[in-house]
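> Protein sequence lines correspond, in order, to chains V and B.
If you read the first sequence in my numbering, its first letter stands for residue 29, the second for the next number, and so on.
If you read the second sequence in my numbering, its first letter stands for residue 284, the second for the next number, and so on.
C-beta atoms are modelled at their ideal positions from N, C-alpha and C, and glycine is treated no differently.
For clarity, every value in this text was computed on a predicted model and none was experimentally measured.
Sharing a structure with you now.
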Amino acid sequence: MSNLAWIFVSTLLVNNFTLVMFLGLCSFFGVTAKIETAWRLGLANTFVLLLTAIFAWLLNTFVLGAAPYLRIVAFIVVIASAVQFVEMAVRKYLPVLFRQLGIYLPLITTNCAILGLALFQTSRHYTLIEGLVFAIGAGLGLTLALSLMASIRERIEVADVPRIARRMGLVLVIASSLSMAFMGFAGMGSAP
Amino acid sequence: MSAAVAPALVVTASPHVRSQDSTPRIMWNVAATLVPIIVAATWFFGVSSLLVIAAATAGALATERAFGRGGTLADGSAAITGMLLGLTLPAGLSLWMAALGGAFGIGFGKVVWGGLGQNVFNPALLGRAFLQAAFPVAITTWPTVGGRFWTLKGDLFALPFTHPLPDAITSATPLGLLKFEGKGTAIEQLILGNTSGSLGETAALVILAGGIYLAWRGYLNWRIPAAVLLTVIVFSAIVHAVDAHRPDPLFMLFSGGLMLGTVYMATDPVTSPVTNRGRWVFGAGVGVLVVVIRIWGGLPEGVMYAILFMNALVPFINRATQPRLFGTRLGGAT
Numbered sequence: 029m030s031n032l033a034w035i036f037v038s039t040l041l042v043n044n045f046t047l048v049m050f051l052g053l054c055s056f057f058g059v060t061a062k063i064e065t066a067w068r069l070g071l072a073n074t075f076v077l078l079l080t081a082i083f084a085w086l087l088n089t090f091v092l093g094a095a096p097y098l099r100i101v102a103f104i105v106v107i108a109s110a111v112q113f114v115e116m117a118v119r120k121y122l123p124v125l126f127r128q129l130g131i132y133l134p135l136i137t138t139n140c141a142i143l144g145l146a147l148f149q150t151s152r153h154y155t156l157i158e159g160l161v162f163a164i165g166a167g168l169g170l171t172l173a174l175s176l177m178a179s180i181r182e183r184i185e186v187a188d189v190p191r192i193a194r195r196m197g198l199v200l201v202i203a204s205s206l207s208m209a210f211m212g213f214a215g216m217g218s219a220p
Numbered sequence: 284m285s286a287a288v289a290p291a292l293v294v295t296a297s298p299h300v301r302s303q304d305s306t307p308r309i310m311w312n313v314a315a316t317l318v319p320i321i322v323a324a325t326w327f328f329g330v331s332s333l334l335v336i337a338a339a340t341a342g343a344l345a346t347e348r349a350f351g352r353g354g355t356l357a358d359g360s361a362a363i364t365g366m367l368l369g370l371t372l373p374a375g376l377s378l379w380m381a382a383l384g385g386a387f388g389i390g391f392g393k394v395v396w397g398g399l400g401q402n403v404f405n406p407a408l409l410g411r412a413f414l415q416a417a418f419p420v421a422i423t424t425w426p427t428v429g430g431r432f433w434t435l436k437g438d439l440f441a442l443p444f445t446h447p448l449p450d451a452i453t454s455a456t457p458l459g460l461l462k463f464e465g466k467g468t469a470i471e472q473l474i475l476g477n478t479s480g481s482l483g484e485t486a487a488l489v490i491l492a493g494g495i496y497l498a499w500r501g502y503l504n505w506r507i508p509a510a511v512l513l514t515v516i517v518f519s520a521i522v523h524a525v526d527a528h529r530p531d532p533l534f535m536l537f538s539g540g541l542m543l544g545t546v547y548m549a550t551d552p553v554t555s556p557v558t559n560r561g562r563w564v565f566g567a568g569v570g571v572l573v574v575v576i577r578i579w580g581g582l583p584e585g586v587m588y589a590i591l592f593m594n595a596l597v598p599f600i601n602r603a604t605q606p607r608l609f610g611t612r613l614g615g616a617t
């Protein structure tokens with residue numbers, strides 16, 4: 029039980045996929061202009077992460093034992109199908125969100141955080157339950173990072189930013205500041 | 284027409300009653316309360332502390348002058364950032380590192396965001412976090428207190444990017460002693476500040492006095508320090524009661540940078556919430572994170588990271604604690 033809790037806290041804060049391990053940065057910079065879009069993309073990502081965790085575990089346990097060299101190809105097929113599924117669901121039930129997310133919804137396929145999750149899960153030999161907790165932690169961590177970024181960007185929308193830092197410049201500064209703030213969790217759990 | 288004739292009827296928009304306080308006035312008042320802390324640091328660590336604080340302040344001021352909007356030097360906020368950053372540094376830090384920290388804090392913590400009032404993170408702490416990431420060894424080399432006044436506490440005048448010579452007597456901070464060696468420190472020593480640590484970490488009483496003065500003048504909101512300190516006391520008392528090996532609340536309260544961070548950095552009006560309910564939430568969050576990082580984290584001290592993390596949450600807190608518009612119905616429906 030404490031192991032599961034630790035996996036959750038570790039992926040949520042200590043090894044946050046976005047702010048500490050720098051995975052999945054394209055949507056972190058691309059879709060964080062508005063907070064409503066940002067956290068919904070985070071949840072869509074979380075859902076894909078969950079599906080990926082389940083299928084990666086199934087593949088690892090029943091199929092890939094005989095052919096480990098097919099791992100990355102198999103994972104990418106799984107991720108792409110999961111994203112297709114999410115895309116259909118979002119288009120049907122949340123058409124506004126579908127338009128807001130635009131290209132970033134199908135781009136979840138190429139979000140390295142998701143392939144990263146499948147590969148980490150494999151190399152750390154997580155069981156199904158551990159993998160699910162890992163996926164939820166990672167997904168909520170992504171959602172947290174996206175929402176923090178979006179809320180800060182909304183706050184500085186009216187700021188009189190120097191010309192050199194307009195658009196992406198300041199966003200990169202925010203990202204590095206956030207990342208420095210997360211450094212405080214470094215090494216948590218290793219202390220006596 | 285002479286301009287000296289007073290108009291018979293003055294028509295202006297509200298507000299009609301104005302206080303004498305302006306941003307420069309408040310800022311220089313805060314800066315004045317930092318002077319006793321600097322004096323105390325000089326008393327404990329000698330002339331080195333003055334040099335380090337001066338270098339950090341010079342870096343901050345030069346950056347504000349070079350890249351900030353014209354005339355923002357006089358409002359005093361860059362000077363405060365520099366002095367506060369200097370107070371979070373060890374006495375033996377090379378001066379160019381201190382100046383670089385000040386420049387980073389102002390440049391990337393304030394000017395890039397659009398100047399005073401726009402930044403989300405506390406500039407002094409951002410500069411400190413940058414130095415911690417860039418020079419992790421130099422910034423955790425803590426000279427001991429005492430010694431002769433004019434003795435330099437380290438290789439202060441090292442050239443940039445050279446290896447500073449370790450020529451000072453150093454010792455671990457109380458928090459480091461506790462975390463890595465399991466040793467406690469007497470509480471009288473902590474309160475008086477007779478321990479090694481950052482320049483402004485040591486004089487808890489002087490910092491508290493400055494904070495009380497500022498709160499009485501209304502220049503800082505008392506809710507934030509009250510929330511931080513209460514949370515630290517209650518949370519660490521619970522942890523101490525469950526596991527007696529953990530530090531007791533008094534130790535937690537008077538060790539490390541908690542006092543300086545609580546009084547001068549968490550209360551930064553730019554980077555803290557604007558609602559009173561939000562201030563309580565913010566302070567409580569800082570308190571919880573300080574205890575969590577100190578007890579379960581890999582680092583001995585977590586005040587800086589706790590405040591930076593809560594700074595990032597401030598836009599959220601502001602949104603969540605927005606007061607209800609007068610006349611609208613509870614629950615958000617109009």
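Can you check whether the CB of Q149 of chain V is closer than 9 Å to the CB of A81 of chain V?
The sequence position of residue 81 of chain V within the first sequence is 53, counting from 1. The sequence position of residue 149 of chain V within the first sequence is 121, counting from 1. Against a cut-off of 9 Å, the Cβ pair of Q149 of chain V and A81 of chain V comes out as a contact.
> Step through the CB atoms of chain B and report whether any lies within less than 9 Å of the CB of R183 of chain V.
To locate residue 183 of chain V, count along the first sequence from 1; it is residue 155. Interface residue, yes.
> So T150 of chain V is in the alpha helix (DSSP H); what residue range does that whole segment cover?
If you number the first sequence from 1, residue 150 of chain V lands on position 122. It spans C140 to S151 - the alpha helix (DSSP H) in which T150 of chain V sits, taken as one unbroken run.
> In terms of residue numbering, what span does the alpha helix (DSSP H) encompassing M587 of chain B cover?
As a working note, residue 587 of chain B is residue 304 in the second sequence. Start and end: V586 to A603.
> Do the segment 360–380 of chain B and the segment 327–340 of chain B make contact, defined as three or more Cβ pairs closer than 8 Å?
Because the criterion of three Cβ pairs below 8 Å is met, the segment 360–380 of chain B and the segment 327–340 of chain B touch.
> When the Cα of Y588 of chain B is compared with those of B:F599, B:V571 and B:V293, which residue comes out closest?
Walking along the second sequence from the start, residue 588 of chain B turns up at place 305. Out of B:F599, B:V571 and B:V293, B:V571 has the C-alpha closest to the C-alpha of Y588 of chain B.
> Which bits of chain B does I180 of chain V rub up against, with CB to CB less than 8 Å?
On the first sequence, position 152 is the one that residue 180 of chain V refers to. Chain B residues near I180 of chain V: V403, A595 and P598.
> Give a yes or no on whether the C-beta atoms belonging to I389 of chain B and G342 of chain B are separated by under 9 Å.
Within the second sequence, the letter at position 106 stands for residue 389 of chain B. Within the second sequence, the letter at position 59 stands for residue 342 of chain B. Yes, these two residues count as a Cβ contact at 9 Å.
> Considering Cα atoms alone, identify which of V:L77, V:M216, V:I63 and V:L206 is closest to F50 of chain V.
To locate residue 50 of chain V, count along the first sequence from 1; it is residue 22. Comparing Cα positions, the closest option is V:L206.
> Can you tell me whether DSSP reads T453 of chain B as helix, strand or coil?
If you number the second sequence from 1, residue 453 of chain B lands on position 170. DSSP places T453 of chain B in strand when its eight states are reduced to three.
> Near T558 of chain B, which residues of its chain fall below 6 Å by C-beta distance, leaving aside the five closest residues on each side in sequence?
Taking the first residue of the second sequence as 1, we reach residue 558 of chain B at position 275. Same-chain partners within the cutoff: T604.
> Under 8 Å by Cβ, that's how I've got V403 of chain B and V597 of chain B pegged, so tell me the actual separation to the nearest angstrom.
If you number the second sequence from 1, residue 403 of chain B lands on position 120. If you number the second sequence from 1, residue 597 of chain B lands on position 314. The Cβ separation is near 7 Å, so the contact holds.
> With distance defined between alpha-carbon atoms, name the residue in V:S30, V:F57 and V:N43 nearest to M196 of chain V.
Numbered from 1 along the first sequence, position 168 holds the residue referred to as residue 196 of chain V. The candidate whose alpha carbon is nearest that of M196 of chain V is V:F57.
> With burial defined as no fewer than 16 other Cβ atoms inside 10 Å of the residue's Cβ, what is the status of K120 of chain V: buried or exposed?
Within the first sequence, numbered from 1, the residue matching residue 120 of chain V stands at position 92. Flag for K120 of chain V reads exposed.
> Would you say A187 of chain V reaches chain B, if we count a Cβ-Cβ gap shorter than 9 Å as a contact?
Counted from its first residue, the first sequence places residue 187 of chain V at position 159. Interface residue, yes.
> Answer with buried or exposed for W563 of chain B, where buried requires no fewer than 16 other C-beta atoms within 10 angstroms of its C-beta.
Start at 1 with the first residue of the second sequence, and residue 563 of chain B comes out as number 280. Answer is buried; the Cβ neighbour count reaches 16.
> My understanding is that L47 of chain V touches V59 of chain V, with C-beta atoms under 8 Å, so please give their C-beta distance in whole angstroms.
Your numbering for residue 47 of chain V matches position 19 in the first sequence. Your numbering for residue 59 of chain V matches position 31 in the first sequence. The pair is not a contact, with the Cβ atoms about 16 Å apart (cut-off 8 Å).
> From G459 of chain B to F113 of chain V, what distance separates their C-alpha atoms?
In the second sequence, the residue the question calls residue 459 of chain B occupies position 176. In the first sequence, the residue the question calls residue 113 of chain V occupies position 85. Going by the C-alpha atoms only, they are around 51 Å apart.
> Say whether the segment 140–158 of chain V touches the segment 81–92 of chain V, bearing in mind that this needs 3 or more beta-carbon pairs closer than 8 Å, one atom from each stretch.
Result yes; three or more Cβ-Cβ pairs closer than 8 Å.
> Based on DSSP bridge pairs, tell me the residues matched to P426 of chain B.
The sequence position of residue 426 of chain B within the second sequence is 143, counting from 1. Partner(s): B:T453.
> With a threshold of 7 Å on Cβ separation, who are the neighbours of G410 of chain B within its own chain once the five nearest residues in sequence on each side are excluded?
Residue numbering aside, residue 410 of chain B sits at position 127 when the second sequence is read from its first letter. Around G410 of chain B: L368, G384, G385, F387, G388 and G392.
> How many whole angstroms separate the CB atoms of A407 of chain B and T364 of chain B, which I take to be in contact at a CB cut-off of 8 Å?
In the second sequence, residue 407 of chain B corresponds to position 124, counting from 1. In the second sequence, residue 364 of chain B corresponds to position 81, counting from 1. Rounded, the Cβ-Cβ distance is 5 Å, consistent with contact.
> Determine whether the Cβ of A616 of chain B lies closer than 9 Å to any Cβ atom of chain V.
For the purposes of this step, residue 616 of chain B is taken as the residue at position 333 of the second sequence. Confidence in A616 of chain B is poor, its pLDDT being 49 and thus under 50, which makes the residue's placement too unreliable to answer from.
> Nearest-angstrom Cα distance between V428 of chain B and A487 of chain B?
Counting from one through the second sequence, the residue named residue 428 of chain B turns up at place 145. Counting from one through the second sequence, the residue named residue 487 of chain B turns up at place 204. If you take the alpha carbons of V428 of chain B and A487 of chain B, they lie about 15 Å apart.
> Relative to the C-alpha of S204 of chain V, which residue among V:M177, V:L79, V:D188 and V:I192 is closest?
Taking the first residue of the first sequence as 1, we reach residue 204 of chain V at position 176. Comparing Cα-Cα distances from S204 of chain V to each of V:M177, V:L79, V:D188 and V:I192, the minimum goes to V:M177.
> With distances taken Cα to Cα, identify the nearest neighbour of G544 of chain B among B:F444, B:I470, B:N405 and B:F609.
In the second sequence, residue 544 of chain B corresponds to position 261, counting from 1. Cα-wise, what sits closest to G544 of chain B is B:N405.
> Decide yes or no for the touch test of the segment 548–556 of chain B against the segment 172–186 of chain V: beta carbon pairs closer than 8 Å, at least 3 of them.
Contact between the segment 548–556 of chain B and the segment 172–186 of chain V is absent, because fewer than three Cβ pairs lie under 8 Å.
> Within this structure, are the beta carbons of V76 of chain V and I136 of chain V separated by less than 9 Å?
Sequence index remark: in the first sequence, residue 76 of chain V carries index 48 (1-based). Sequence index remark: in the first sequence, residue 136 of chain V carries index 108 (1-based). In contact: V76 of chain V and I136 of chain V (Cβ atoms closer than 9 Å).
> Spell out a yes or no on whether the segment 342–353 of chain B and the segment 375–384 of chain B are touching, meaning 3 or more CB-CB pairs, one atom from each, closer than 8 Å.
The segment 342–353 of chain B, when compared against the segment 375–384 of chain B, does touch it at the 8 Å Cβ threshold.
> With Y502 of chain B and I336 of chain B assumed to form a contact (beta carbons below 8 Å), what rounded beta-carbon distance in angstroms separates them?
By 1-based counting over the second sequence, the position of residue 502 of chain B is 219. By 1-based counting over the second sequence, the position of residue 336 of chain B is 53. Going by Cβ atoms, the distance from Y502 of chain B to I336 of chain B rounds to 21 Å, so no, they are not a contact pair.
> Which residues of chain V have a Cβ atom closer than 8 Å to the Cβ of L591 of chain B, listed in chain order?
As a position in the second sequence, residue 591 of chain B is number 308, starting the count at 1. Within chain V, the residues near L591 of chain B are S205, M208, A209 and G212.
> I want to verify the contact list: residues of chain B whose CB lies under 7 Å from the CB of M216 of chain V, in sequence order.
In the first sequence, residue 216 of chain V corresponds to position 188, counting from 1. Chain B residues near M216 of chain V: W579, G580 and G581.
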